[in-house]
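Take 249 as the starting number for the sequence shown in the working numbering and just add one per residue. Ideal Cβ placement from N, Cα and C applies to all residues, glycine included. Note that the coordinates shown come from a computational prediction; the quantities given were computed from them, not determined experimentally. Each remark here refers to the structure printed beneath this line.
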Amino acid sequence: MFSDVTLGLNIQLHPRFIGPHVQDYIVGKLIEEVQGTCCDGYSVVTIIAVDEIGKGRIRDDGSGLTTYPVKYQCKVFQPVEGEIMDVVVTKVTKMGFFSQDEDKLCTIFVSDHLIPDDMEFQRGEIPYYLSSDGSVKIQEYTQVRLKIVGSQVDDAKGFFCIGSLRDDFLGVISDAGGAVDSDEGFEP
Numbered sequence: 249m250f251s252d253v254t255l256g257l258n259i260q261l262h263p264r265f266i267g268p269h270v271q272d273y274i275v276g277k278l279i280e281e282v283q284g285t286c287c288d289g290y291s292v293v294t295i296i297a298v299d300e301i302g303k304g305r306i307r308d309d310g311s312g313l314t315t316y317p318v319k320y321q322c323k324v325f326q327p328v329e330g331e332i333m334d335v336v337v338t339k340v341t342k343m344g345f346f347s348q349d350e351d352k353l354c355t356i357f358v359s360d361h362l363i364p365d366d367m368e369f370q371r372g373e374i375p376y377y378l379s380s381d382g383s384v385k386i387q388e389y390t391q392v393r394l395k396i397v398g399s400q401v402d403d404a405k406g407f408f409c410i411g412s413l414r415d416d417f418l419g420v421i422s423d424a425g426g427a428v429d430s431d432e433g434f435e436p
């Protein structure tokens, strides 16, 4: 789920950047350090606005660095339990399959226990799950609609979620060949 939040961060600047364009350097460093990272349980997608840049304080550790407290607004991503997501399958194994959301902010694993009972794993050069009547196939690059049943965040690696196909209106929305059943689709 995407939302707008206000966060804060202390930005460290080397003395050579302190001058008439110090605010530009602070904003640039904020974008470099925060955008596209995970922190405080969020994945920061983009900085929307810088609300306040506080007074700089010279550190007393002899480094000469100056610390500026910065408050900023940003668009963040945080998967929520029960959320329905459209994803692309990235890898299929006997234990289930891995997938990613369209923005590549989250990796979702769907265990074979959370795939409908009528789907069987099929070995081969390109492994896949196939329904008992042969009408539904899940393989790499298949677009799937699933439900988030759990999530975990690692500030270094991002979000990892557990998904399920065991609910109404979940499952394949397009095959790996790109035939989309719904009005909208996305490329892996």
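DSSP three-state assignment for residue i, whether helix, strand or coil
| i | result |
| --- | --- |
| Pro317 | strand |
| Lys277 | helix |
| Asp423 | coil |
| Val282 | helix |
| Arg393 | strand |
| Val328 | coil |
| Phe417 | coil |
| Val358 | strand |
| Gln387 | coil |
| Ser430 | Because Ser430 sits at a pLDDT of 43, beneath the cut-off of 50, its placement in the model cannot be relied upon, and the following sentence gives the value as read from the coordinates. In this structure, Ser430 counts as coil in the three-state DSSP scheme. |
| Asp272 | helix |
Local Cβ density within 10 Å of residue i, reported as buried at 16 or more and exposed below that
| i | result |
| --- | --- |
| Pro263 | exposed |
| Arg305 | exposed |
| Phe417 | exposed |
| Val328 | exposed |
| Gln387 | buried |
| Thr390 | buried |
Straight-line Cα distance separating residue j from residue i
| i | j | result |
| --- | --- | --- |
| Val358 | Ser347 | 8 Å |
| Gly406 | Val270 | 31 Å |
| Val337 | Arg307 | 48 Å |
| Gly419 | Leu394 | 6 Å |
| Lys339 | Ile274 | 40 Å |
| Gly433 | Ile396 | Confidence in Gly433 is poor, its pLDDT being 47 and thus under 50, which makes the residue's placement too unreliable to answer from. |
| Gly372 | Lys342 | 11 Å |
| Gln400 | Cys286 | 11 Å |
CB of residue i within 8 Å of CB of residue j, strictly
| i | j | result |
| --- | --- | --- |
| Leu278 | Leu257 | yes |
| Phe345 | Ser291 | no |
| Arg414 | Leu362 | yes |
| Val298 | Ile259 | no |
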